[in-house]
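Student: Numbering (our numbering), first residue to last: 67 to 334.
All residues carry an ideal CB built from backbone N, CA and C; glycine is no exception.
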């Protein structure tokens with residue numbers, strides 16, 4: 067925009083409504099008062115070349131916003147050096163509230179400062195509401211996974227009861243038997259966690275790249291479900307999963323270690 071005074075950047079939805087593409091020409095008609103156009107109240111008309119199309123993912127911006135050179139806007143709307151507002155971008159999101167309060171103290175009424183949370187309060191309220199059941203759902207999934215590990219190891223112990231008896235008769239201690247089945251449980255959990263992480267990463271990448279799950283923009287203000295891939299969260303959940311698998315494996319492992327050699331050999 068700064069290199070050419072008569073370039074304009076349009077939102078993707080706005081460009082679609084106007085049926086224009088990059089390098090097409092559009093006209094802006096500017097009225098400097100609230101009266102209807104007339105012979106004595108002629109509007110100012112300027113023609114601009116579309117130099118770019120942006121997509122923020124927010125329908126309320128992509129539908130109506132266009133960007134032109136600031137000096138051109140001042141001449142077109144005859145606003146001199148006045149502006150209706152400033153947008154300030156911060157590098158650290160945690161400083162938003164403190165910066166907002168500082169600016170509001172420096173700019174009393176009739177000026178007011180709004181953060182992105184104030185502007186999109188309804189969106190963040192909706193997101194917070196959607197996040198509340200997530201721990202419950204994850205907790206239920208983890209409980210089911212723990213019971214699956216316990217059940218799988220118990221079935222394995224039943225199948226290997228005779229082998230346990232042979233190992234004990236050869237001098238294997240209860241601790242060694244416990245370690246065998248704990249490692250077996252951790253192996254099963256590790257394979258499941260690895261496959262789950264790979265599957266989740268691939269699905270997240272596909273969604274972010276190809277927008278497979280779309281949303282009605284008029285309701286959710288987003289054209290598709292956004293997914294943030296946080297590697298730290300992957301590591302944390304994997305570690306918690308392995309820890310739970312370890313404790314889940316202790317129960318059937320302890321049962322296996324208590325089996326008497328004679329009873330085990332005669333089991334079949």
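Which whole-angstrom value describes the C-beta separation of residue 178 and residue 115, a residue pair presumed to lie in contact below a C-beta threshold of 8 angstroms?
Tutor: Contact flag wrong, Cβ pair sits at about 36 angstroms.
Student: Buried or exposed for residue 213, please, with buried defined as at least 16 other CB atoms from any protein chain shown within 10 angstroms of its CB.
Tutor: Exposed, since its Cβ has fewer than 16 Cβ neighbours within 10 Å.
Student: In three-state DSSP terms, what is residue 317?
Tutor: It is helical.
Student: In the structure shown, what three-state DSSP assignment does residue 238 receive?
Tutor: Residue 238 falls in the coil class under three-state DSSP.
Student: I'd like the span of the alpha helix (DSSP H) that includes residue 205, first residue to last.
Tutor: 200–225 is the span of the alpha helix (DSSP H), which, as asked, contains residue 205.
Student: With DSSP as the reference, label residue 141 as helix, strand or coil.
Tutor: Three-state DSSP puts residue 141 in a helix.
Student: Drop a sphere of 10 angstroms on the beta-carbon of residue 176, count the other beta-carbons inside from all chains shown, and report buried for 16 or more, exposed for fewer.
Tutor: When all chains shown are included, residue 176 counts as exposed.
Student: What did DSSP end up calling residue 93 once you bin it into helix, strand or coil?
Tutor: Reduced to three states, the DSSP call for residue 93 is strand.
Student: Provide the residue span of the alpha helix (DSSP H) that contains residue 197, from first to last.
Tutor: That run of the alpha helix (DSSP H) goes 187–197.
Student: Confirm, please, whether the CB-CB distance from residue 255 to residue 208 is below 9 angstroms.
Tutor: Not in contact: residue 208 and residue 255 (Cβ atoms no closer than 9 angstroms).
Student: Which one of 292, 252 and 228 has the shortest CA to CA distance from residue 219?
Tutor: When only C-alpha atoms are compared, the closest one is 252.
Student: By Cβ distance, which residues of its chain are closer than 6 angstroms to residue 223, with the 5 residues on each side in sequence left out?
Tutor: These residues qualify, in order along the chain: 318 and 322.
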